[in-house]
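S.K.: At position 52 of the sequence shown (counting the first as 1) the number is 63 in this note's numbering, and the numbers step up by one without a gap.
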Amino acid sequence: MQQARRHAGHRRRPGHEHRAGRHVHHPGWRHHDPGRHQLDGHPGQHEPDHAVARGLGCEPVKPRDLRGRVVVLTGASSGIGRATALAFADAGAHLVLAARNQAALEDVAEQCRARNAQALVVPTDVTQAEQVRALAAAAVERFSGIDVWVSNVGVGAVGSFTETPIEAHRRVIDANLLGHFHGAHAVLRHFVARQRGVLINMISVGAWAAVPYAAAYSASKFGLRGFSEALRGEMSGWPDIHVCDVYPAFMDTPGMAHAANYTGRRLKPAPPLYDPRLAAEAIVSLAREPRPSVTVGTAATALRMGHAVSPALSGWVGAKVVERYLKQAEPAPRSDGNLYAPSLGNAIDGGYRQGAESPRWWLWAAVGGAVWLGLQAARRPR
C-alpha cells in the first residue's frame, strides 16, 4: 500500500536538472491551486494538503550542508557505490564504507581521503544481520553517530526461472531485499533515538517494470519498493527522519559482468545506458534535501509509464527483447557470479556505453504501444 503518491511534472524547477542526453529527475512539490499539491511520479494522482503531506514525510526540507555528516554506504566497492563514495567525499562528508571486497574498499577509502574526507572501511556481507549491526556500531564508535545510511547493495541472477538454481534465487532475495531490511533495522533505532536521519534505498526501475529472466531480481525490487513505502508510513511521526528511494534506469556499471549467469550466453546490459555518476549525484542530492523518491534517467520514466498503462505488454516486450538477444549472443559458461563471493573488480564504469545515451526508438515505441492499448481497453464497455 503506497504511503505517498507522486505526480509527473513538466515545468523546470529547482532540483529538476537537464544535461545533454541525460536526465536526473528530483521530485518536488508543485502548486496547482490552493490546498492541492502534486508529487512527481504518478500521473493523475493528487496529494493531500500540507498537514497530511507532513505526516507522509513529503514536505521539502532546507538543503543540508554535508560537511562533517556521517554517511554509511553499503555496496561501496564498485559501480554506483564507488561513485557515490567519491561524491560524498567531495561534499565533505565522513564515510563508513562497506562491501565484501576489503581490498576494493581500501582503494575507495584512499581516494576519499585524497579528497580530504575521513573514511572508515568495514568489510560487510549485508545478508548477515550481525555483520550489519557491527557496521552500524563501528560507525557510531568512530564518529559518534550516523546521519545518512545508503543501502546500495544489489546482485542479480539471469536465466529462466526453472533453470536458475533455487539457491541462487534465495541469495538474490537475501542480498537485495533482506540486506536492505538489515540495514534499516540496524540504523532506524539510532535515528529514532536522535530524532533525525536519512535512509536511502537504492532500488531500480525494476521495481516498476519486471525483468523477464531475472525473476528473483524483479521480486526483490518490487518488495523493496513496498518495504520503503511501509517504512515511510511508520516514520511519519518523526519529521526529521526520512526514507528515500532511488529508481535509476540501466547504468553502465560492472554489475552485469558480476551477475550470476545461467543462460549459457554472454550477457550485456540493454541500452540505453547512463553514467553511474548520475545516480551518485541523485543520492547525494537526497542526503542534502530528502524527498520520497528520485528517478534517474529518461528511460526509467518511459519504462515506468509503459508498465503502468499495460503491464502485460510491458512483460511481453521485455521477454521478447531478452529472448532475441540470447539467440544472437555468444556462448558463455554458466556462472554464479558474485552471489557467493565478492566481486573482483572495483571500477565505476562497465564500459558498455556506445554513442548517445538517449533512449532508443524501440523504448518509446513500446511505451506508445502500451498507452494505445491501455486507451483501447478503457474504451471497451464493461
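Each residue gets a CB set at the ideal place from its N, CA and C atoms; glycine is no exception.
Would you mind working out which of L350, D360 and G361 sits nearest N112, comparing C-alpha positions?
M.R.: The option with the nearest alpha carbon to N112 is L350.
S.K.: To which residues does DSSP link D256 through a beta bridge?
M.R.: Paired residue(s): N212 and S304.
S.K.: In whole angstroms, give me the CA-to-CA distance for H196 and P134.
M.R.: In a straight line, the C-alpha of H196 is about 19 Å away from that of P134.
S.K.: Whether or not the region 202-220 and the region 265-272 are in contact is what I'm after, with contact meaning three or more pairs of Cβ atoms, one per stretch, closer than 8 Å; do they touch?
M.R.: No, they do not touch.
S.K.: For V81, does the three-state DSSP call read helix, strand or coil?
M.R.: V81 falls in the strand class under three-state DSSP.
S.K.: If you measure between the beta carbons of A218 and L235, is that distance less than 8 Å?
M.R.: Cβ atoms of A218 and L235: closer than 8 Å.
S.K.: Determine the extent of the alpha helix (DSSP H) in which L284 is found, giving its start and end residues.
M.R.: Premise fails: L284 is in no alpha helix (DSSP H) and is neither H nor E.
S.K.: Who are P342's beta bridge partners in DSSP?
M.R.: Note: P342 sits in a beta bridge opposite R276.
S.K.: In this structure, how does DSSP classify L355 when only helix, strand and coil are distinguished?
M.R.: L355 falls in the coil class under three-state DSSP.
S.K.: Please classify S89: does DSSP put it in a helix, a strand, or coil?
M.R.: If DSSP states are grouped into helix, strand and coil, S89 belongs with coil.
S.K.: Secondary structure at V132, three-state DSSP: helix, strand or coil?
M.R.: V132 falls in the strand class under three-state DSSP.
S.K.: Just to confirm, are G167 and A225 a CB contact at a threshold of 8 Å?
M.R.: Yes, these two residues count as a Cβ contact at 8 Å.
S.K.: Mapping DSSP to helix, strand and coil, what is L106?
M.R.: L106 falls in the strand class under three-state DSSP.
S.K.: From H269, A298 and A310, pick the residue whose C-alpha is nearest to that of G361; which is it?
M.R.: When each option's Cα is compared against that of G361, the closest is H269.
S.K.: What does the Cβ neighbour count give for V173, buried or exposed, with the cut at 16 atoms within 10 Å?
M.R.: A quick correction: the sequence has Thr, not Val, at residue 173. So T173 counts as exposed.
S.K.: Look at the Cβ atom of S229, then the Cβ atom of G190, and state whether they are nearer than 8 Å.
M.R.: The answer is no: Cβ separation not under 8 Å.
S.K.: Closest to A114 by CA distance: which of A358, Y363 and V183 is it?
M.R.: Checking every option, the nearest Cα to that of A114 belongs to A358.
S.K.: With 16 other CB atoms within 10 Å as the buried threshold, where does P344 fall?
M.R.: Result: exposed.
S.K.: From the DSSP output, in three-state form, read off S171 for me.
M.R.: In this structure, S171 counts as coil in the three-state DSSP scheme.
S.K.: Leaving out five residues before and five after P223 in sequence, what residues of the same chain have Cβ atoms less than 6 Å from its Cβ?
M.R.: Excluding residues within five positions, the ones whose Cβ falls inside 6 Å are G329, A330 and V333.
S.K.: On the three-state DSSP scale, how would you describe V161?
M.R.: V161 falls in the strand class under three-state DSSP.
S.K.: Could you give the distance in angstroms between the alpha-carbon of E141 and the alpha-carbon of L106?
M.R.: Their backbone Cα atoms lie some 20 Å apart in a straight line.
S.K.: Figure out for me which residue from I252, L337, A352 and Q129 has the closest Cα to the Cα of V81.
M.R.: Residue Q129 is the option with its Cα nearest to V81.
S.K.: Would L131 pass as a contact of L97 if the rule is Cβ separation under 8 Å?
M.R.: Cβ atoms of L131 and L97: not closer than 8 Å.
S.K.: Could you round the C-beta distance between F233 and A310 to whole angstroms and report it? I think they count as a contact, below 8 Å.
M.R.: Contact doesn't hold; Cβ gap of about 19 Å is too wide.
S.K.: Can you say whether D76 is buried or exposed, counting buried as having 16 or more other CB atoms within 10 angstroms of its CB?
M.R.: D76 should be labelled exposed.
S.K.: What is the rounded straight-line gap between the Cα of A271 and the Cα of D347?
M.R.: Their backbone Cα atoms lie some 4 Å apart in a straight line.
S.K.: So, are the CB atoms of G170 and Y273 less than 8 Å apart?
M.R.: Yes; because the gap between Cβ atoms is below 8 Å, this pair is in contact.
S.K.: Identify whether A204 lies in helix, strand or coil by the three-state DSSP scheme.
M.R.: In the structure shown, A204 sits in a helix (DSSP, three-state: H, G or I).
S.K.: When DSSP builds the beta bridges, which residues end up paired with A150?
M.R.: Answer by DSSP bridge pairing: none, since A150 is not bridged.
S.K.: Pick helix, strand or coil for P370, following the three-state DSSP scheme.
M.R.: Bear in mind that a pLDDT of 45 at P370, under 50, signals an unreliable position, so the model cannot answer this.
S.K.: Rounded to whole angstroms, what is the Cα-Cα separation between P280 and Y363?
M.R.: About 8 Å.
S.K.: Tell me which residue opens and which closes the alpha helix (DSSP H) that Y228 is part of.
M.R.: A226 to E245 is the span of the alpha helix (DSSP H), which, as asked, contains Y228.
S.K.: Quick check on the DSSP output: the alpha helix (DSSP H) that includes A319 runs from which residue to which?
M.R.: Element bounds for A319: T309 to V320.
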